[in-house]
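To start, the structure under review is shown below, and the notes come after it.
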Amino acid sequence: EPEVTQTPSHQVTQMGQEVILRCVPISNHLYFYWYRQILGQKVEFLVSFYNNEISEKSEIFDDQFSVERPDGSNFTLKIRSTKLEDSAMYFCASSEWAGSGTEAFFGQGTRLTVV
Amino acid sequence: AQSVTQLGSHVSVSEGALVLLRCNYSSSVPPYLFWYVQYPNQGLQLLLKYTSAATLVKGINGFEAEFKKSETSFHLTKPSAHMSDAAEYFCAVTYTGGFKTIFGAGTRLFVKA
Chain A
6 EPEVTQTPSH QVTQMGQEVI LRCVPISNHL YFYWYRQILG QKVEFLVSFY NNEISEKSEI
66 FDDQFSVERP DGSNFTLKIR STKLEDSAMY FCASSEWAGS GTEAFFGQGT RLTVV
Chain B
1457 AQSVTQLGSH VSVSEGALVL LRCNYSSSVP PYLFWYVQYP NQGLQLLLKY TSAATLVKGI
1517 NGFEAEFKKS ETSFHLTKPS AHMSDAAEYF CAVTYTGGFK TIFGAGTRLF VKA
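In order, the protein sequences belong to chains A and B.
Numbering-wise, this note's numbering puts 75 at position 70 of the first sequence, and it's gapless, one number per residue.
Numbering-wise, this note's numbering puts 1498 at position 42 of the second sequence, and it's gapless, one number per residue.
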């Protein structure tokens, strides 16, 4: 069964460092997403991406964040200068369409720890 | 604005007992509703979804949910809990034209032997 894969599964970084979280969405999907889950809290939407541009982003997704689809298979989330409060589980997701009842398929997540 | 409210951050049942996890939605447009399950240290797995085809939706692992428009609810049930059902459950909503899934706060299910 096709799945969304994320690497790495865990990443520890020092405050102020840049990190790149990587995702390989399901191959025939057109919409890509990043979500964040701070430990013990709800899953929060960060950004959606379609046709090589951001289609929607949340207030959390400020100038420190950026997304890119550098090639035909990868989808990345970059945090330029990490803060302690960026520590969270980051989920990548993809879907064939947006809305209309099409579910998003989620990866296993990358646990980011900022020290 | 679209939102989802899950009543009860923690639910504890005995093995073999009925599981009922509550979810109410708020949406100004017809919603599409989902239940996801998250096992410890794992990702989100879709349990079931409502997309307006049928109000009673059956999912994996014996779970089902009923969409009740009059009550704006989409409660998740399972007739008989199993130890392996212990996990965090998230109700979520999307809508036509929307680009994101909106999640509830989650309900952690504990199953006692």
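Glycine included, C-beta positions come from ideal geometry on N, C-alpha and C.
Here the structure is a predicted model, which is why all the values come from computation and not from measurement.
Return the CA-CA distance between residue i and residue j, expressed in angstroms with no decimal places.
i	j	result
Q69 (chain A)	K83 (chain A)	8 Å
E23 (chain A)	V1475 (chain B)	44 Å
T87 (chain A)	G1464 (chain B)	33 Å
T1507 (chain B)	R116 (chain A)	32 Å
W16 (chain A)	H1538 (chain B)	In the sequence on display, residue 16 (chain A) carries Gln and not Trp. Going by the C-alpha atoms only, they are around 34 Å apart.
E66 (chain A)	W1491 (chain B)	Here the sequence assigns Phe to residue 66 (chain A), which means Glu is not the residue at that position. Taking the straight line joining both Cα atoms gives about 25 Å.
G1553 (chain B)	A1569 (chain B)	45 Å
S1540 (chain B)	E1471 (chain B)	10 Å
P13 (chain A)	C28 (chain A)	9 Å
H1406 (chain B)	F1566 (chain B)	Outside the displayed range of chain B (1457 to 1569) lies residue 1406 (chain B), so it cannot be described from this structure.
F111 (chain A)	V1469 (chain B)	28 Å
G1499 (chain B)	E8 (chain A)	11 Å
F1555 (chain B)	Q46 (chain A)	22 Å
T1528 (chain B)	V120 (chain A)	43 Å
P1486 (chain B)	G106 (chain A)	10 Å
A1509 (chain B)	E101 (chain A)	19 Å
E108 (chain A)	Q19 (chain A)	35 Å
Tell me residue i's beta-bridge partners as DSSP assigns them.
i	result
K1568 (chain B)	B:S1470
T1461 (chain B)	B:N1480
Q16 (chain A)	A:L117
E73 (chain A)	A:T81
M94 (chain A)	A:Q42, A:R116
W1491 (chain B)	B:L1504, B:C1547
Pick out whichever of the options has its Cα sitting closest to the Cα of residue i.
i	options	result
D91 (chain A)	A:G21, A:S78, A:F80	A:G21
S99 (chain A)	A:H34, A:R27, A:L26	A:H34
Q1494 (chain B)	B:A1542, B:G1553, B:K1568	B:A1542
A93 (chain A)	A:S63, A:I43, A:S32, A:G112	A:I43
Y38 (chain A)	A:E6, A:L26, A:Q46	A:L26
S1526 (chain B)	B:T1511, B:L1532, B:P1535, B:V1467	B:T1511
F187 (chain A)	A:R85, A:G45, A:Q113, A:F80	Coverage of chain A is limited to positions 6 through 120, which leaves residue 187 (chain A) absent and any answer about it impossible.
V48 (chain A)	B:F1555, B:Y1551, B:A1509, B:F1546	B:F1546
G77 (chain A)	A:V120, A:Y36, A:S71	A:Y36
E73 (chain A)	A:E64, A:G45, A:E108, A:P30	A:P30
Less than 8 Å between the CB atoms is what I'm expecting for residue i and residue j, so what's the real figure, rounded?
i	j	result
S1459 (chain B)	S1482 (chain B)	5 Å
Y40 (chain A)	F50 (chain A)	6 Å
K1534 (chain B)	G1518 (chain B)	5 Å
H1531 (chain B)	R1478 (chain B)	5 Å
Given 7 Å as the limit, tell me if residue i has its C-beta closer than that to any heavy atom belonging to the ligand ADP.
i	result
Q46 (chain A)	Summarising the ligand content, the structure contains no ligands, and the ligand ADP is consequently not present.
Residues in the region 54–73 of chain A with C-beta within 7 Å of chain B's C-beta atoms, listed in sequence order?
-> S60, E61
Cβ-based contacts, 7 Å cut-off: residues of the region 1482–1498 of chain B near chain A = Y1488, F1490, Q1498
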